Amino acid sequence: MKKKHIVIAMMAFIILLSVAYLQWGRKERVVNSFSTASDTSYTQEFSVIANTLFLNKNEYAKDLIAKTLHNGFQNIRFSYDVGFPEQITIYVYKNRSLYHHGRENFRVIYSQEGNYKIEE
């Protein structure tokens, strides 16, 4: 009986570690970026793989906008030589599999006035 409790406790611990790794152990990645600039406008679009199980969309959207404006991503640097874009569109995917299947979790659209909206 004691052996059974030890095995159950070990399995629960392994599951807990796995969930913790899947939620907090992986870094987000920018996987695709696209900018357009003309005499009258400058827009920027990119995709982010969040690599997490659960997302608070509003908090994560604010975090993504701050990272974009301050170049806070580890695997990409945006050039703001011509100025900041009038509109930034960020496509968010929870994991790489959803990205490869084209199933975005949500989209963040940010305008220069400081407004943003989240689209499902």
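To get the numbering used here, take the position in the sequence shown, counting from 1, and add 215. Quick reminder that beta carbons are idealized off the backbone N, C-alpha and C, glycines included. Values in this document were obtained by computation on a predicted structure and should not be read as measured data.
Residues that DSSP places opposite residue i in a beta bridge
i              : result
asparagine 247 : Ser262
tyrosine 236   : Per DSSP, none; premise fails for tyrosine 236.
alanine 252    : Tyr257
valine 297     : The partner list for valine 297 (beta bridge, DSSP) is empty, contrary to what the question assumes.
Residue of the options minimising C-alpha distance to residue i
i             : options                           : result
glycine 287   : Ser250, Tyr236 and Glu243         : Glu243
threonine 267 : Glu328, Gln327 and Asn320         : Asn320
valine 307    : His220, Thr251, Ala265 and Arg241 : Ala265
tyrosine 325  : Gly240, Gln302 and Ala281         : Gln302
serine 253    : Glu328, Ile291, Val297 and Gln327 : Val297
glutamine 327 : Met216, Ala281 and Glu274         : Ala281
Cβ-Cβ distance between residue i and residue j below 9 Å
i            : j                 : result
leucine 284  : phenylalanine 261 : no
tyrosine 314 : valine 245        : no
serine 250   : tyrosine 257      : yes
Beta-carbon separation (whole angstroms), residue i vs residue j, contact threshold 8 Å
i             : j                 : result
arginine 318  : threonine 304     : Their Cβ separation, rounded to whole angstroms, is 17 Å, which puts arginine 318 and threonine 304 out of contact at 8 Å.
lysine 309    : leucine 270       : 7 Å
glutamine 259 : phenylalanine 293 : 7 Å
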